[in-house]
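First up is the structure itself, then whatever we jot down about it.
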Amino acid sequence: MYFSHSPVAPYATKPESAMPTKVQLHLAKVFLKIFLRDRQSIFFSLFFPIIFMSVFSFVNRSGVDTINIGVISEATDSSAIEFIQELIDNPIFSVTLGLEDRLRPQLEKGEQTLVIIIPKGFDTSSERTTLRVLVDAAQVQQLGLILPVLEQSLVEIERELRDIEPMFNLMIEDVKARSQNYMDFLLPGLIAITLMQLSIAGSGFNIVEFRRKGILKRLFVTPIEPKDFITSIVMARMTIVLVQLSVLIAYALFVLNVKIVGSLAGFYLIIIVGTFIFLCLGFCLGSIAKTQQAVMAIGNIVIFPQIFLSGVFYPIESMPEFIQPIAYVLPLSFISTGMREIAISGASLIDITPSLIGIAVWFVLSFVLATRLFVWKEVAS
Amino acid sequence: MMKYDLPKTSFMAIIEVQNLYKYYLCPDKKGETFAAVDGISLTIDKGEIFGILGPNGAGKTTTLEMLEGLTDIDSGSAMIDGIDVQSHPYKVKEIIGVQLQANEYFDNLSISELLTLFGNLYGKKIDPENLLEKVNLVDKAKAKPDSLSGGQKQRFSIACALVNQPKVLFLDEPTTGLDPQAKRNLWALVLNLNSAGMTIVLTTHNMDEAESLCQRIAIMDHGKIVAEDTPQNLILKHAPEPPLAPLHGNIEDVFLALTGRALRD
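Sequence lines, in order, name chains A and B. Just so we're aligned, residue 13 is where the first sequence starts under the numbering used here, counting upward by one. Just so we're aligned, residue 8 is where the second sequence starts under the numbering used here, counting upward by one.
Right under this line is the structure:
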C-alpha cells in the first residue's frame, strides 16, 4: 500500500564527507537545468561582455597603428638623408616623402599626423637649424608620443655630426618578447568583473527571488540542510560561471587575438577561488536584503566601486592618494591583479603571492560571513 | 473561557502540544512583545482530520509553523509521533508533509520534475505519475506550475507534500481563493488521503470546510484556543439558540459567538 508507514528511523546522523551528497548533486543539477532553460539570461550574460570586449579591442587596434608622418626635405645632403632614414627605420612612424603642396592637404584631411620640414643647410651651417613641424591641432594629443622620438633622433644625428661621444648610452631591452597592448592589459580585469557580477547575481539575487516566492520556506520544511542548499548552488553556479568565462576567454584569445602569457591553470585557479568569494558575498547580500529592490541597491554598492577602483581600467597608482589604500584591498583588486600578472607578465603563482594572500583572506572572510549571515529560518521567512 | 478536560496523553495521539508560546515584537509599540501563540495545548489523534479555525492574526499559521519546525518554539513542547520537534527537527521533517500558503516554485521546471526534486530532497526515488494520479493532474505532468489554475496549484502542492508518504499532513488554508468546484474536489482528495490512514491538520476560514471535513475543531483567538471539540458538540454547546433539534445552527454561529463580530485585519 502506498501510504504504509515505515517505522521511525533511528536518530543517527549521516556520516559527514567532503564529497557532495546525492541530494546536493541532484539539487545542483536542477539549478543547472533551471539556468539552461533560461535562454534570455544566458544570452545577455554573454552578450554584454562580448560586445564590451569587442569595442575595447576595436578602439585599441586603431591606437597601435603606426603614426603617419610626412617629410618634406629641402636639404639633399647626407645628414638629412640619414635623419630621414632614421625616421623610416623607427617602427612607430610610417613616413611619406613629398612636397609641401601635396602633404599639407593630407595633414588637413588627417591622413598625416604631422609633417616635418627639413630646411636647406641642415648640416653645414654651424648655426642652429630649425625644423618646422606642421601639426593638426585635432591630432595634438599624439605629439607627446612623437616629439621625444624626434628629439632622440636629432640628438643622435647631432652627436655624429659633431663627433662627440655620448655621455650616456641608453640601451632599451625588450623583456617582453611580444607586442602588448591595452586589450591584453584589460582582459583579465574584464574577466574578473564578469566573474564578480555573475557570481553575486547567481547567489544573492537568486536567494532573494527564491525567498519572495516562498521557495526557501518550502525547502526548509523538507529534511535538506542549509549546507546542502548552499553547496548545490555553489556547484551549479561554479559550473555556469566557468563555462561562461571560458566562452569569453576563448573569444578573446581566438577572435580578438588577446594573449595570455602565463599558465592558464593558474589563471583558472584564481577564477575558481574568485567565483567562490563572490558567491559567498552574494549569499551575504541575499541574507541581508529582504526585497529584490534592496538586493539590487546593495549589490550595486558592492559592484560599482569595485569596477572603478580595482585597477581594471587604469592602474590603482594613478588614483587619488586617499582612495588608494581602499582600492588596494578590494577583493576584485586582488583577483584582477593576480590574473593580470599571470596573463600579461607570465607570473607564476609564487610571483603573485601578495595577491594570493589577499585572495585567501577574502576567501576566509567571505565564507565565515556567509555562514554567519545565512541563517535558514531567518532567510527563509 | 471554556475549558475542556481532554486527556493530556492518549494512546492514539500522534501530535501532542503542551503550553506552546510564541512571542513577536509589537509592530506599533517599540520594544514590547506580544504572544502570537499564547500557551496552547493540543492533542491530535492518529487518523484524524483536525481543523484549526480562527480570525486573521489568531495564531493559526504560527502554530503550524512551530509544529513544522519553520518557527522556533519560545516555550512549551511539541511532539509528533513521539519525536520532539525542538530537539529533532530533521526527524520530524521526514515524517510530515507540508503545504504552505505561498505556492510558488522554481521557474522553468515542470510539475513532474518538481515532484522528482522533492522526492530527492527526502532521499527518495518517486514515481511522479503515481502522485499526479492521486491528485488528478496526470495530464498536466509537463506543465509549469505557473500555468495551473488555483485548484490545480493547491492539488499540486498537496502532491509535493505527499512525496515522503508522511504520517501527518499539514494544510495551511488549502481552499482559500478556490471556486466551489475546486473546493469540493480538494475536500474529496483530503477525505481520500485520510481514509488511507493519514492524519491531517488544516487551518481554515471556511466554516463549511471545518464542519464537513474535520472530525475535531479547535477555535483559536488572540493566540489561545477558545474551544475544542467535534463540530456537533461545538454546535450543541455554543450555537446561540438552545437547540430544539440536535443540530440547530452551524459552526459559523459558533465561531461568531466565540470570537465576536469585530472586524479583523
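For each residue, glycine too, the CB sits at the ideal point set by N, CA and C.
Item, Value
"For B/Thr123, which of helix, strand or coil comes out of DSSP?", "helix"
"Since B/Gly64 meets chain A, which of its residues come closer than 8 Å, beta carbon to beta carbon?", "Under the 8 Å cutoff, chain A gives no residues; its nearest Cβ is about 16 Å from B/Gly64."
"From the DSSP output, in three-state form, read off B/Gly58 for me.", "strand"
"Determine which residues of the region 37 to 66 of chain A have a Cβ less than 8 Å from any Cβ of chain B, and write them out in chain order.", "His38, Leu39, Val42, Lys45, Ile46, Arg49 and Asp50"
"Which residues of chain B have a Cβ atom closer than 8 Å to the Cβ of A/Gly214, listed in chain order?", "Ordered by position in chain B, no residue passes the 8 Å Cβ test against A/Gly214, which lies about 14 Å from the chain."
"DSSP three-state call for A/Ser378: helix, strand or coil?", "helix"
"Between the Cα of A/Lys470 and the Cα atoms of A/Leu111, A/Val147 and A/Lys271, which residue gives the shortest distance?", "A question about residue 470 of chain A goes unanswered here, because the residues of chain A that appear run from 13 up to 393."
"Hey, would you say A/Phe346 sits closer than 7 Å to A/Gly370, going by beta carbons?", "yes"
"Relative to the alpha-carbon of B/Gly281, which residue among B/Ile80, B/Ala43, B/Lys53 and B/Leu77 has its alpha-carbon at the smallest distance?", "Only positions 8 to 272 of chain B appear in the structure, and residue 281 of chain B is not among them; the question remains open."
"Out of B/Ile87, B/Val92, B/Lys160 and B/Asp88, which has the shortest C-alpha to C-alpha gap to B/Thr78?", "B/Val92"
"For the region 23 to 97 of chain B, which segments carrying the beta strand (DSSP E) assignment without a break, of at least 3 residues, lie completely within its bounds, in sequence order?", "40 to 52, 56 to 60 and 82 to 87"
"Output the distance between the C-alpha atoms of B/Val142 and B/Leu121, rounded to the nearest integer angstrom.", "15 Å"
"Give every residue of the same chain whose Cβ lies closer than 6 Å to the Cβ of A/Ala40, excluding the five residues on either side of it in the sequence, and list them in chain order.", "Ser244, Met247 and Ala248"
"In its own chain, which residues sit with a C-beta less than 7 Å from the C-beta of A/Ser69, not counting the 5 before and 5 after it?", "Met195 and Leu268"
"So does A/Leu368 have its beta carbon nearer than 6 Å to some heavy atom of the ligand SAM?", "Ligands in the displayed structure: none, and consequently the ligand SAM is not present."
"What is the DSSP secondary structure of B/Asp236, reduced to helix, strand or coil?", "strand"
"So if DSSP puts B/Leu209 in a beta bridge, which residue, or which two residues, is it bridged to?", "B/Gly58 and B/Leu178"
"Counting only the same chain and skipping the five closest in sequence on each side, list residues whose C-beta sits under 7 Å from that of A/Leu368.", "Gly350 and Leu361"
"Taking Cβ positions, are A/Val270 and A/Leu210 nearer each other than 7 Å?", "no"
"Checking contacts by CB at 7 Å: is A/Lys239 closer than that to chain B?", "no"
"For chain B, check one thing: does any of its Cβ atoms lie closer than 7 Å to the Cβ of A/Pro235?", "yes"
"Short of 7 Å in beta carbon distance, which residues of its chain neighbour B/Met19, apart from the five on each side in sequence? Order them along the chain.", "Asp52 and Lys53"
"Mind listing which residues of the region 145 to 167 of chain B have their C-beta closer than 9 Å to chain A's C-betas, in chain order?", "Ser164 and Cys167"
"Quick check: the Cα distance between A/Leu119 and A/Gln164, rounded to an integer number of angstroms?", "23 Å"
"Kindly indicate which three-state DSSP category B/Asp153 falls into: helix, strand or coil?", "helix"
"So what does B/Lys231 bridge to, in DSSP terms?", "B/Asp228"
"What is the rounded straight-line gap between the Cα of B/Gln159 and the Cα of B/Asp114?", "17 Å"
"Taking only runs of the alpha helix (DSSP H) that begin and end inside the region 50 to 125 of chain A, which ones reach a length of at least 4 residues, in chain order?", "51 to 76, 90 to 101 and 112 to 121"
"Given that A/Val35 touches chain B, what residues does it touch there, using C-beta distances under 7 Å?", "Asn127, Leu128 and Gly130"
"Consult DSSP for B/Leu116 and reduce its assignment to one of helix, strand or coil.", "coil"
"If you draw a straight line from the alpha carbon of A/Arg51 to that of A/Lys45, how long is it in whole angstroms?", "11 Å"
"By a C-beta neighbour count over all protein chains shown, 10 Å radius and 16 as the cutoff for buried, is A/Asp113 buried or exposed?", "exposed"
"Just the chain C side, please: which residues come within less than 8 Å of A/Gly294 by C-beta, in chain order?", "No chain C is part of this structure, whose protein chains are labelled A and B."
"Establish whether the CB of B/Ala42 and some CB of chain A are separated by less than 7 Å.", "no"
"Once you ignore the five residues that flank A/Phe197 on each side, which residues in its own chain have a CB closer than 8 Å to its CB?", "Arg352 and Ile356"
"Does any CB atom of chain A fall closer than 7 Å to the CB of B/Glu39?", "no"
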